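Peer 1: To start, I am sharing the structure in question, which I have written as structure tokens.
There are 2 protein chains.
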Amino acid sequence: MTLHIDGFVFDLDGTVYLGDTALPGAVECIATLRRRNKRTVFVSNKPLESRQAYAAKLTRLGIPTDPDDVITSALVLGRYLARTAPQLHLYVIGEPYLVAELRSHGLTVVDELLDQDPREVIQPRGIDAVVVAFDRTLDYRKLNTAYQALMRGARFFATNADKACPMPGGAIPDAGATIAALEHITGRKVEVVAGKPSTLIMEIALERLGLPAARCMMIGDRLETDIAMGKQAGMATAVVLTGVTKREDVARLASPPDLVLENLGELPGRVE
Amino acid sequence: MTLHIDGFVFDLDGTVYLGDTALPGAVECIATLRRRNKRTVFVSNKPLESRQAYAAKLTRLGIPTDPDDVITSALVLGRYLARTAPQLHLYVIGEPYLVAELRSHGLTVVDELLDQDPREVIQPRGIDAVVVAFDRTLDYRKLNTAYQALMRGARFFATNADKACPMPGGAIPDAGATIAALEHITGRKVEVVAGKPSTLIMEIALERLGLPAARCMMIGDRLETDIAMGKQAGMATAVVLTGVTKREDVARLASPPDLVLENLGELPGRVE
Chain D
0 MTLHIDGFVF DLDGTVYLGD TALPGAVECI ATLRRRNKRT VFVSNKPLES RQAYAAKLTR
60 LGIPTDPDDV ITSALVLGRY LARTAPQLHL YVIGEPYLVA ELRSHGLTVV DELLDQDPRE
120 VIQPRGIDAV VVAFDRTLDY RKLNTAYQAL MRGARFFATN ADKACPMPGG AIPDAGATIA
180 ALEHITGRKV EVVAGKPSTL IMEIALERLG LPAARCMMIG DRLETDIAMG KQAGMATAVV
240 LTGVTKREDV ARLASPPDLV LENLGELPGR VE
Chain W
0 MTLHIDGFVF DLDGTVYLGD TALPGAVECI ATLRRRNKRT VFVSNKPLES RQAYAAKLTR
60 LGIPTDPDDV ITSALVLGRY LARTAPQLHL YVIGEPYLVA ELRSHGLTVV DELLDQDPRE
120 VIQPRGIDAV VVAFDRTLDY RKLNTAYQAL MRGARFFATN ADKACPMPGG AIPDAGATIA
180 ALEHITGRKV EVVAGKPSTL IMEIALERLG LPAARCMMIG DRLETDIAMG KQAGMATAVV
240 LTGVTKREDV ARLASPPDLV LENLGELPGR VE
């Protein structure tokens, strides 16, 4: 049986590319699907770079892409907060792109409270909510500010909850580290995680595709995020073995993905 | 029945003093016990200041104290590592006093790997073990260095695991935040926590008192650390209500402390 699919949602790292190199079959796969008039969008949990930057990278690798077809966890959180709580004053543990993205949705981001000694009880003046993201400039001042705000009832959001971000040579601590620290010491739980495996990011991907979930497929390299999320959204799913998942990992699943692909080159032959 | 006790182990913050002020009855209590030729020692989980500094503070507040009668989590960890694993090269997430304390036990502390970009996969050259402590200069470089070392099998120790450190006006994030972050993202568990409620710190306190546990009492303001630890060590216990514990908290306990004291002023009348 060949699956009939009209819209494809691709994970990026480990699925389409690794570092600065397109993975085997990726360029041809996406070109073939587009020639068949299929729709393609790309999702990433990384709140470090703009959609323009991701689109430019894909285009450079041979996959011409419109920035509107790239969906980051930062975009998803920005849209979510603009829709549900636009009045909140946000304290962001994150990098400059995330702040710019949130402000582009009309949201208010509070500056660092640099007049206060980070070794004291920082008074979280004017902070209604804490946003935690991947932040390679995390420091004690930020942790203390978020802690004080959360202990005084601030709301608690995150772009993503990944433990570590894959990098050349390994991985480095991601937003999951900061979330775990703050949850442990405050006894609070993060209310909403915008990125994978949240259904929020799938909703926005499907909205961009303009298709019902049943006609779409999620393709990624991670079973616990990409595949779990696609299934939860009611989409078909395909795992590619070019990233963190091995064939024996798939064999263990009670509810396996629809397709298991050595690489993206196999995808066009398995769908119509 | 009056308890016969020869050695007293006092918690400091919330028991003997709060900030820079002796708590009611503390000065008279300790003077009275010493006039009866009782032995007194003081324990603190805070790895921020030297035993000399704590002794000087107690002396200034009217409780003349020898630095050797002050036992910090840093001292306990230093002695433990010097005894069990003196050859380890330690990477310390902590402040300068802790590094000095560890080095004073003949241990090797590795310098920060400042030649490496903290946004990359830091190569944890020459690190055999990670030591986590209260550190108000925590940053992403330190988190990343510890993460890489732990992922490559480094041993994992902590001075203390407190969630937050009480301060004028509230509390600030303590070592518990960093431990939670690293445990979550590495899947590792800290092997040894030197400070309360570990029995290690009680062993060293009893060694200093030179008395068997059955003739000693632990006095503190926290049920889950001070009192739990005293009981586990086989000591008598007394909770003082000058810190974080309220009388109704004690009423809930299946195994309550031997004494519940409004303040230390009541202690000499309740023991002999």
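So the protein sequences, as listed, match chains D and W.
Position 191, counted from 1, in the first sequence is what numbering that gives the first Met the number 0 calls 190; the numbers after and before it change by one each time, with no gaps.
Position 15, counted from 1, in the second sequence is what numbering that gives the first Met the number 0 calls 14; the numbers after and before it change by one each time, with no gaps.
Just so it is clear, CB atoms sit at the ideal spot from N, CA and C, and this is done for glycine as well.
These numbers were taken from a predicted model, which means no experiment stands behind them.
Would you call W:S254 buried or exposed, if buried means 16 or more other Cβ atoms sit within 10 Å of its Cβ?
Peer 2: Residue 254 of chain W sits at position 255 when you count from the first residue of the second sequence. Result: exposed.
Peer 1: Pull up the CB-CB distance for D:V69 and D:A84, whole angstroms please, since I reckon it's below 8 Å.
Peer 2: In the first sequence, counting from the first residue as 1, residue 69 of chain D sits at position 70. In the first sequence, counting from the first residue as 1, residue 84 of chain D sits at position 85. That pair is no contact at about 25 Å.
Peer 1: When you compare each of D:G125, D:N44, D:R154 and D:D65 to D:L74 by their alpha carbons, which one comes out closest?
Peer 2: On the first sequence, position 75 is the one that residue 74 of chain D refers to. Taking only the C-alpha atoms, the option nearest D:L74 is D:N44.
Peer 1: For D:T71, which beta-bridge partners are listed by DSSP?
Peer 2: Residue 71 of chain D sits at position 72 when you count from the first residue of the first sequence. Answer by DSSP bridge pairing, in chain order: D:S43.
Peer 1: What residue range is occupied by the uninterrupted alpha helix (DSSP H) comprising W:P211?
Peer 2: What you label residue 211 of chain W is simply residue 212 of the second sequence in a count that begins at 1. W:P211 -> no alpha helix (DSSP H), and no H or E assigned at all.
Peer 1: Among the candidates D:A157, D:D114 and D:H3, whose CA atom is the shortest distance from the CA of D:T71?
Peer 2: In the first sequence, residue 71 of chain D corresponds to position 72, counting from 1. Checked all of D:A157, D:D114 and D:H3; the closest Cα to D:T71 is D:A157.
Peer 1: Please return the same chain residues whose Cβ sits closer than 8 Å to the Cβ of W:L101, not counting the five positions on each side in sequence.
Peer 2: As a working note, residue 101 of chain W is residue 102 in the second sequence. For W:L101, where only same-chain residues beyond five positions count, the Cβ hits under 8 Å are A73, L76, G77, L80, L89, V91, V108 and V130.
Peer 1: With 8 Å as the limit, tell me which residues of the stretch 32-49 of chain W have their beta carbon closer than that to any beta carbon of chain D; keep them in chain order.
Peer 2: From the stretch 32-49 of chain W, no residue has a Cβ closer than 8 Å to chain D.
Peer 1: Leaving out five residues on either side along the sequence, give the residues of the same chain with a beta carbon under 7 Å from the beta carbon of D:A227.
Peer 2: As a first step, residue 227 of chain D must be located in the first sequence, where it is residue number 228. These residues qualify, in order along the chain: P196.
Peer 1: Does DSSP put D:V15 in a helix, a strand or coil?
Peer 2: Taking the first residue of the first sequence as position 1, residue 15 of chain D is located at position 16. Three-state result, D:V15: coil.
Peer 1: Give the residues of chain D in contact with W:M166, contact being defined as C-beta atoms less than 9 Å apart.
Peer 2: On the second sequence, residue 166 of chain W is found 167 positions in, with the first residue counted as 1. By Cβ distance, chain D contributes R118, E119 and V120.
Peer 1: Can you confirm whether the stretch 133-148 of chain D touches the stretch 165-175 of chain D when touching is taken to mean that 3 or more C-beta pairs between the two stretches lie within less than 8 Å?
Peer 2: Contact between the stretch 165-175 of chain D and the stretch 133-148 of chain D is present, because at least three Cβ pairs lie under 8 Å.
Peer 1: Which stretch, first to last residue, makes up the beta strand (DSSP E) that contains W:G169?
Peer 2: Reading the second sequence from its first residue, position 170 is the one you call residue 169 of chain W. Segment G169 to P172, the beta strand (DSSP E) holding W:G169.
Peer 1: Look at the alpha carbon of D:T224 and the alpha carbon of W:I178, and state the distance between them as a whole number of angstroms.
Peer 2: Sequence index remark: in the first sequence, residue 224 of chain D carries index 225 (1-based). Sequence index remark: in the second sequence, residue 178 of chain W carries index 179 (1-based). Their backbone Cα atoms lie some 25 Å apart in a straight line.
Peer 1: Just to confirm, is the Cβ distance from W:L97 to W:L47 under 9 Å?
Peer 2: As a working mapping, residue 97 of chain W is identified with position 98 in the second sequence. As a working mapping, residue 47 of chain W is identified with position 48 in the second sequence. Yes, the Cβ-Cβ distance between W:L97 and W:L47 is below 9 Å.
Peer 1: Going by alpha carbons, who is nearest to D:A52 out of D:L11, D:D220, D:H183 and D:K37?
Peer 2: Along the first sequence, read from residue 1 onward, the residue named residue 52 of chain D stands at position 53. Measuring from the Cα of D:A52, the nearest candidate turns out to be D:L11.
Peer 1: I'd like to know if the stretch 184-191 of chain D and the stretch 142-156 of chain D are in contact, where contact means that at least 3 CB-CB pairs between them fall below 8 Å.
Peer 2: Output reads yes: the stretch 142-156 of chain D touches the stretch 184-191 of chain D.
Peer 1: Can you give the Cα-Cα distance for W:A180 and W:E111, rounded to whole angstroms?
Peer 2: To locate residue 180 of chain W, count along the second sequence from 1; it is residue 181. To locate residue 111 of chain W, count along the second sequence from 1; it is residue 112. Looking at the two C-alpha atoms, the distance is approximately 20 Å.
Peer 1: What residues from chain W crowd round D:D138, counting only those whose CB sits closer than 9 Å?
Peer 2: Residue numbering aside, residue 138 of chain D sits at position 139 when the first sequence is read from its first letter. By Cβ distance, chain W contributes T136, L137, D138 and Y139.
Peer 1: Excluding the five sequence neighbours on either side, which residues of its own chain have a C-beta within less than 6 Å of the C-beta of W:V15, listed in chain order?
Peer 2: Residue 15 of chain W sits at position 16 when you count from the first residue of the second sequence. Hits under 6 Å: F9 and A25.
Peer 1: What are the residues of the stretch 151-166 of chain D that lie near chain W, defined by any Cβ-Cβ distance shorter than 8 Å?
Peer 2: Those residues of the stretch 151-166 of chain D that come within reach of chain W (Cβ to Cβ, closer than 8 Å) are K162, A163 and M166.
Peer 1: DSSP beta-bridge partners for W:F9?
Peer 2: For the purposes of this step, residue 9 of chain W is identified with residue 10 of the second sequence, where counting begins at 1. BP columns for W:F9 point to W:F41 and W:I218.
Peer 1: Among all the DSSP beta bridges, which residues are the ones paired with D:F155?
Peer 2: For the purposes of this step, residue 155 of chain D is taken as residue 156 along the first sequence, with counting starting at 1. BP columns for D:F155 point to D:V129.
Peer 1: So does the stretch 250-268 of chain W actually touch the stretch 18-34 of chain W, counting three or more Cβ pairs closer than 8 Å?
Peer 2: The answer is yes - the stretch 18-34 of chain W touches the stretch 250-268 of chain W, with three or more Cβ pairs under 8 Å.
Peer 1: Based on Cα-Cα distance, which residue from D:R35, D:G61 and D:F7 lies nearest to D:A21?
Peer 2: The residue given as residue 21 of chain D occupies position 22 in the first sequence. Residue D:G61 is the option with its Cα nearest to D:A21.
Peer 1: Going by Cα to Cα distance, which pick from D:L263, D:T39 and D:L137 is closest to D:D5?
Peer 2: Here the question's residue 5 of chain D lines up with position 6 in the first sequence. Checked all of D:L263, D:T39 and D:L137; the closest Cα to D:D5 is D:T39.
Peer 1: What would DSSP say about W:I29, mapped onto helix, strand or coil?
Peer 2: Sequence index remark: in the second sequence, residue 29 of chain W carries index 30 (1-based). The answer is helix: DSSP assigns W:I29 an H, G or I state.
Peer 1: Where do the ends of the beta strand (DSSP E) carrying W:P95 lie?
Peer 2: In the second sequence, counting from the first residue as 1, residue 95 of chain W sits at position 96. Counting along the chain, W:P95 falls outside any beta strand (DSSP E), though it belongs to the alpha helix (DSSP H) covering P95 to S103.
Peer 1: Over the uninterrupted alpha helix (DSSP H) stretch that includes W:V249, give me the two end residues.
Peer 2: Here residue 249 of chain W is taken as the residue at index 250 of the second sequence, counted from 1. Element bounds for W:V249: R246 to A250.
Peer 1: Checking 9 Å against the spacing of the C-beta atoms, do D:M166 and D:L205 come in under that value?
Peer 2: For the purposes of this step, residue 166 of chain D is taken as the residue at position 167 of the first sequence. For the purposes of this step, residue 205 of chain D is taken as the residue at position 206 of the first sequence. No.
Peer 1: What does DSSP give as the partner residues of W:V243 in its beta bridges?
Peer 2: Start at 1 with the first residue of the second sequence, and residue 243 of chain W comes out as number 244. Answer is none; W:V243 lacks a bridge partner.
Peer 1: Please list the residues of the stretch 182-203 of chain D that have a C-beta atom closer than 7 Å to any C-beta atom in chain W, keeping them in chain order.
Peer 2: Taking 7 Å as the Cβ-Cβ cut-off against chain W, the residues of the stretch 182-203 of chain D that qualify are H183 and I184.
Peer 1: Just how far apart, CA to CA, sit D:T64 and D:C215?
Peer 2: If you number the first sequence from 1, residue 64 of chain D lands on position 65. If you number the first sequence from 1, residue 215 of chain D lands on position 216. Those two C-alpha atoms are separated by around 19 Å.
Peer 1: Hey, quick one: how far does the beta strand (DSSP E) through W:P165 stretch, first residue to last?
Peer 2: For this step, residue 165 of chain W is matched to residue 166 along the second sequence. A163 to M166 is the extent of the beta strand (DSSP E) around W:P165.
Peer 1: Quick one, which of W:G229, W:V239, W:L137 and W:L258 has its alpha-carbon nearest W:D220's?
Peer 2: For this step, residue 220 of chain W is matched to residue 221 along the second sequence. Nearest option by C-alpha distance: W:V239.
Peer 1: Tell whether a beta-carbon distance below 9 Å holds between W:Y139 and W:P117.
Peer 2: The count along the second sequence starts at 1 and reaches residue 139 of chain W at position 140. The count along the second sequence starts at 1 and reaches residue 117 of chain W at position 118. Closer than 9 Å, so yes.
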